[in-house]
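**Q**
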Amino acid sequence: MNTSASSASPALLPVSATRSLLLQLAAGAALGLVVLYGVAFAESPLAHNAAHDVRHVTVKPCH
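In the working numbering, the protein residues as written are 2 to 64.
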């Protein structure tokens, strides 16, 4: 039976790849928050009506 230590350990990403992944996740989260709050507090009736149910579900005042 071949039981080498390298086959039992999980594959680790290089530090640069990990930083890149975290930066992409942070940028995606920031963009999502901007879109969410941009629509949640929009003054446009079209945007308001499109996000109306979401506002009530997330307990954001809209009236």
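All C-beta atoms, glycine included, are put in the ideal place defined by N, C-alpha and C.
Rounded to whole angstroms, what is the Cα-Cα separation between R20 and A30?
**A** Counting from 1 along the sequence shown, the entry for residue 20 is found at position 19. Counting from 1 along the sequence shown, the entry for residue 30 is found at position 29. Roughly 15 Å separates the two Cα atoms.
**Q** Given this structure, state the Cα-to-Cα distance separating S45 from V58, to the nearest angstrom.
**A** Your numbering for residue 45 matches position 44 in the sequence shown. Your numbering for residue 58 matches position 57 in the sequence shown. Using only the alpha carbons, I get a separation of about 19 Å.
**Q** Taking all protein chains shown into account, decide if A52 is buried (16 or more other Cβ within 10 angstroms of its Cβ) or exposed.
**A** As a working note, residue 52 is residue 51 in the sequence shown. Classification for A52: buried.
**Q** Beta carbon of L14, beta carbon of L22: below 9 Å?
**A** Within the sequence shown, numbered from 1, the residue matching residue 14 stands at position 13. Within the sequence shown, numbered from 1, the residue matching residue 22 stands at position 21. Going by C-beta atoms, L14 is nearer than 9 Å to L22.
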